[in-house]
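Here is the structure we will look at.
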Amino acid sequence: MVKLHNLGYPYIGENREWKKTIESYWKRKISAEQLMDSLALIKHDNWEKQRLAGLNFIPVGDFHLYDHILSAALTFGAIPKRIRNLHSDRLSIDTYFLMAKGKANDGRSTTACEMTKWFDTNYHYIVPELDCTDEFELNPQCLLDEIKEAQAKAFDVKPVIIGPISFLWLAKHKNASFDKLSLLPSLQKCYQKLLMAVSELGVTCIQLDEPALSLDLELDWQKAFISCYSQLSKQCSILIATYFGDISSNLHLIEGLPLGLHLDLSNNSSLLAKADDILAKNQVLSAGIVDGRGIWRCDLNKALAVLEPVYRSRKDKLWLAPSCSLIHCPINLESESSIDPELKSWLAFADQKLLELTILKKALINPGSVKQELEDNRQLMEHQRASNWRQDKRVMEKVKLMESSKSNRKSTFEKRKAIQQEVLNLPLYPTTTIGSFPQTKEIRNARMRLKKNKLSQEQYEALMKKEISSTLAKQEEIGLDLLVHGEPERNDMVEYFADKLQGFAFTDNGWVVSYGSRCVKPPIIYGDIGRKKPITLDWMKYATSQTEKAVKGILTGPVTMLKWSFSRSDIPQSTIAFQLALALQEEVLDLEKAGIRVIQIDEPALREALPLQKSMQHSYLDWATRAFRMCSASVKDETQIHTHMCYCDFNEILPAIASMDADVISIEASRSNFEILDGLSDSGYPNDIGPGIYDIHSPNIPSVEQIIRLLRKALVLIPKEKLWVNPDCGLKTRDWDETLHSLQNMVEAARQLREMDTVEARS
Ligand code: GLN
Ligand code: ZN
Numbered sequence: 000m001v002k003l004h005n006l007g008y009p010y011i012g013e014n015r016e017w018k019k020t021i022e023s024y025w026k027r028k029i030s031a032e033q034l035m036d037s038l039a040l041i042k043h044d045n046w047e048k049q050r051l052a053g054l055n056f057i058p059v060g061d062f063h064l065y066d067h068i069l070s071a072a073l074t075f076g077a078i079p080k081r082i083r084n085l086h087s088d089r090l091s092i093d094t095y096f097l098m099a100k101g102k103a104n105d106g107r108s109t110t111a112c113e114m115t116k117w118f119d120t121n122y123h124y125i126v127p128e129l130d131c132t133d134e135f136e137l138n139p140q141c142l143l144d145e146i147k148e149a150q151a152k153a154f155d156v157k158p159v160i161i162g163p164i165s166f167l168w169l170a171k172h173k174n175a176s177f178d179k180l181s182l183l184p185s186l187q188k189c190y191q192k193l194l195m196a197v198s199e200l201g202v203t204c205i206q207l208d209e210p211a212l213s214l215d216l217e218l219d220w221q222k223a224f225i226s227c228y229s230q231l232s233k234q235c236s237i238l239i240a241t242y243f244g245d246i247s248s249n250l251h252l253i254e255g256l257p258l259g260l261h262l263d264l265s266n267n268s269s270l271l272a273k274a275d276d277i278l279a280k281n282q283v284l285s286a287g288i289v290d291g292r293g294i295w296r297c298d299l300n301k302a303l304a305v306l307e308p309v310y311r312s313r314k315d316k317l318w319l320a321p322s323c324s325l326i327h328c329p330i331n332l333e334s335e336s337s338i339d340p341e342l343k344s345w346l347a348f349a350d351q352k353l354l355e356l357t358i359l360k361k362a363l364i365n366p367g368s369v370k371q372e373l374e375d376n377r378q379l380m381e382h383q384r385a386s387n388w389r390q391d392k393r394v395m396e397k398v399k400l401m402e403s404s405k406s407n408r409k410s411t412f413e414k415r416k417a418i419q420q421e422v423l424n425l426p427l428y429p430t431t432t433i434g435s436f437p438q439t440k441e442i443r444n445a446r447m448r449l450k451k452n453k454l455s456q457e458q459y460e461a462l463m464k465k466e467i468s469s470t471l472a473k474q475e476e477i478g479l480d481l482l483v484h485g486e487p488e489r490n491d492m493v494e495y496f497a498d499k500l501q502g503f504a505f506t507d508n509g510w511v512v513s514y515g516s517r518c519v520k521p522p523i524i525y526g527d528i529g530r531k532k533p534i535t536l537d538w539m540k541y542a543t544s545q546t547e548k549a550v551k552g553i554l555t556g557p558v559t560m561l562k563w564s565f566s567r568s569d570i571p572q573s574t575i576a577f578q579l580a581l582a583l584q585e586e587v588l589d590l591e592k593a594g595i596r597v598i599q600i601d602e603p604a605l606r607e608a609l610p611l612q613k614s615m616q617h618s619y620l621d622w623a624t625r626a627f628r629m630c631s632a633s634v635k636d637e638t639q640i641h642t643h644m645c646y647c648d649f650n651e652i653l654p655a656i657a658s659m660d661a662d663v664i665s666i667e668a669s670r671s672n673f674e675i676l677d678g679l680s681d682s683g684y685p686n687d688i689g690p691g692i693y694d695i696h697s698p699n700i701p702s703v704e705q706i707i708r709l710l711r712k713a714l715v716l717i718p719k720e721k722l723w724v725n726p727d728c729g730l731k732t733r734d735w736d737e738t739l740h741s742l743q744n745m746v747e748a749a750r751q752l753r754e755m756d757t758v759e760a761r762s
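Numbering (numbering that gives the first Met the number 0), first residue to last: 0 to 762.
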């Protein structure tokens, strides 16, 4: 019989209980035991839910304290030297959080491990460091205990862990030219032992995730895959889980190996037939037929047409699952009460997706038993196609017009820079921040009270204005050169803008994990997007009235708006980006008209949305950078355009970033110790750069000396007249104490650097 399974279930809890519990532990409100006990409740609940949904296998090993790759790093003993030195008990929760956040409850602190985007998603994983890992060392206890825990409750388990090839591929050696594959034999030994231990517990199948197969893998990595898995497959029955991309070009790697294979069919369902041809009929083929990271209902009849031929040839060797782990999807649609009922009928969250799989399974085995469900789904899909409440002709006409016109700045960067310098009169090494300042309890409280009608719009606005004035005053006192209003009125950089644009809808509780305990609630793009009225204008007018210094207006860019929303799939992504660009262009021009001389358009998601396969990257970069220019390039020469990007490796797309032609780019660089700058200088990045000089995701305060050291490092590669000084991202998650202290040190570092320059110039 067809088997149902799941690659991973969202661990945050229906009401983000997971997040709240972990944060209580960090605040020392609960002990480690209490933490583990509370988390176990959420975990057991998740298992039970999946069993009730009819899954044949329950994933185990998909529940984490911070991140699944960090958990794997500890399982295989990939613990950086600086952390080993600090801790004798390598496997404690403290070690875990020390690696994640650079700070543990026992008071010790160090540099946190680097964090970066998980393939093309907005999830961030902790990058394993291989600094002293000549030998990996297996610590399987956590996984084994969890398997036993689930077995004791009579769950049929399928353990889940990242596979060796992807683990090594994702890991980083401090020497960039180091051959990571030379570590494979040692890692493979650990996996061998792990598989043996898992088999001894009576587990019949383990899922090893190998998302690296959706990349253009080089030949040595392909060979490593084959040699490694020809050994591992002897230990235990393995299901290789691939997702996020089309793995056609790597399918041959599985051929001939006794492995099961899971495929992500969300973008290319023809992959299933291809794999069915290549894989022996006794191999398990798992069809990721329900989109695991979208929120639209599955077209069940279309899915069945894909599955049926394979079911006929493969019977019980066909398994069904969501395309990828469900951590990228909100948990339960049932609890949503504010969303438009028609739109709601088009949606499916994690729990609903599991039910869709159940219907598909029944439809394969006994089509008569779900006739009604299939008919209802057919009607829904037909209705969706015919429905025209998504479209706005006016928007589409304007977008067409914009597409056909030029999207470049009027003058070259050099010319603009000279004009802007006259207007802004900034010192060497200008200091600024990325936009947000601490979102205090009071701010969040005010927003909650507004939502519950306990505060009038006027009262709320008065409170926010007070916040803006005091944030500006603090920046003046610190001595920052280019100020920001602090974004107190924004709950979230995407949701805030989406809320004021047509074409977006919102959930009450549609949270997904972004990094660590941080969750986001992406809006839903369901229709053509347009600006109803100015969005940030009044706040910015107020902010500029409060200070003599220049205040930078901050907007969220088109690609980030698109990528951090759940977007529609009935029109091209580029068209949605252009609609957003048009709305933002209107905002940019309004700000300029109101005398705002610096405008920053944040694009932290630009790199993350890059398609995984090279063949598709060019056209993406073309429309993504065009969307940025569409919204930014029509300003006057004297208006300075900034952009900001964070948490990713930009090097391979630097020419595209340069083509955006922002006057200033601020980038995250501190966690990777400024490695990013090598690429920037190699490519001769033409415009101004502000490499983030401290990690705002860590509570550690950078010292003046540390900052000067980093700036000097930057100055080796960046000419001094191009260098800006700023933190690596917005400060909303930090508290005021840390923020003031860090920024004071930052401004002092810039001041000392200028002074040293003057002394040098004199002598
Ligand atoms: N302007 C935003 C802020 O400062 C940028 C956030 C981001 O890059 N993710 O919060
Ligand atoms: Zn950022």
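We put the beta carbon where it would ideally sit given N, CA and C, even for glycine.
This one's a predicted model, so the numbers in the text were calculated from it and none came from an experiment.
Less than 9 Å divides the Cβ of arginine 596 from the Cβ of glutamate 637. When secondary structure is reduced to three states using DSSP, tryptophan 318 falls in the strand class.
Residue selection by CB proximity (closer than 5 Å to any heavy atom of the ligand ZN) returns Pro603, Cys645, Cys728 in chain order. With a 10 Å radius around the Cβ and a threshold of 16 neighbouring Cβ atoms, glutamate 113 comes out buried. Cα atoms of tryptophan 510 and isoleucine 326: separation of roughly 10 Å, rounded to the nearest angstrom.
Beta-bridge partners of arginine 530 (DSSP): Leu500.
Inter-segment contact for the region 690-701 and the region 93-111 is present: three or more beta-carbon pairs are separated by less than 8 Å. A distance criterion of 8 Å places the beta-carbon of lysine 731 in contact range of the ligand GLN, judged by its closest non-hydrogen atom. With respect to asparagine 376, leucine 299 sits close: the two C-beta atoms are nearer than 9 Å. Taking the C-beta atoms as reference points, methionine 644 is found nearer than 9 Å to proline 603. Taken through DSSP and simplified to helix, strand or coil, threonine 642 comes out as strand. By the Cβ criterion, the region 432-452 is in contact with the region 476-487, since at least three pairs of Cβ atoms, one from each stretch, lie closer than 8 Å.
Within 8 Å of the C-beta of methionine 492 there is at least one heavy atom belonging to the ligand GLN. Counted as a single uninterrupted DSSP element, the beta strand (DSSP E) harbouring serine 513 occupies residues 511-514. A residue is called buried when at least 16 other Cβ atoms come within 10 angstroms of its Cβ; alanine 31 does not meet this threshold and is exposed. With contacts defined by Cβ atoms closer than 9 Å, alanine 71 and phenylalanine 224 do not form a contacting pair.
Here the region 402-409 makes no contact with the region 718-736; the two share fewer than three CB pairs at distances below 8 Å.
Contact check for tryptophan 563 and proline 610: beta-carbon distance about 17 Å, past the 8 Å limit, so the pair fails to qualify. Segment contact: the region 524-539 against the region 383-400, three or more CB-CB distances shorter than 8 Å; contact assigned. Fewer than three beta-carbon pairs drawn from the region 48-55 and the region 497-514 are found closer than 8 Å, and the two stretches are therefore not classed as touching. Under the three-state reduction of DSSP output, tyrosine 525 falls in the strand class.
Judged by DSSP secondary structure, isoleucine 239 falls within the beta strand (DSSP E) whose first and last residues are 237-240.
Under a 10 Å Cβ-count criterion, leucine 400 is classified as exposed, with fewer than 16 other Cβ atoms of the shown protein chains found around its own Cβ. One Cα belongs to aspartate 350, the other to isoleucine 330, and the distance between them is close to 6 Å. Distance from the CA of alanine 362 to the CA of cysteine 297, rounded to the nearest whole angstrom, comes to 14 Å. Per DSSP, reduced to three states, the secondary structure at serine 213 is helical. Fewer than three Cβ pairs drawn from the region 310-320 and the region 336-351 lie within less than 8 Å of each other, which leaves the two stretches out of contact. As DSSP reads the structure, serine 229 sits in no beta bridge. Under a 10 Å Cβ-count criterion, phenylalanine 577 is classified as buried, with 16 or more other Cβ atoms of the shown protein chains found around its own Cβ. Taking arginine 81 as the centre and dropping the five residues before and after it, the same chain places the C-beta of Thr109 closer than 6 Å to its C-beta, in chain order.
Inclusion of proline 257 and tryptophan 723 in the CB contact set at 9 Å is not warranted, their separation being larger than that value.
Methionine 98 sits in a helix when the DSSP states are folded into three classes. Distance from the Cα of leucine 143 is smallest, within the candidate group Pro158, Ala153, Arg292, for Pro158.
Following the DSSP letters along the chain, one finds histidine 382 inside the alpha helix (DSSP H) bounded by residues 370-385.
At a cut-off of 8 Å, the beta-carbon of threonine 738 does not count as near the ligand GLN: no heavy atom of the ligand is closer than that.
Here leucine 3 is near leucine 356, since their CB atoms are less than 9 Å apart.
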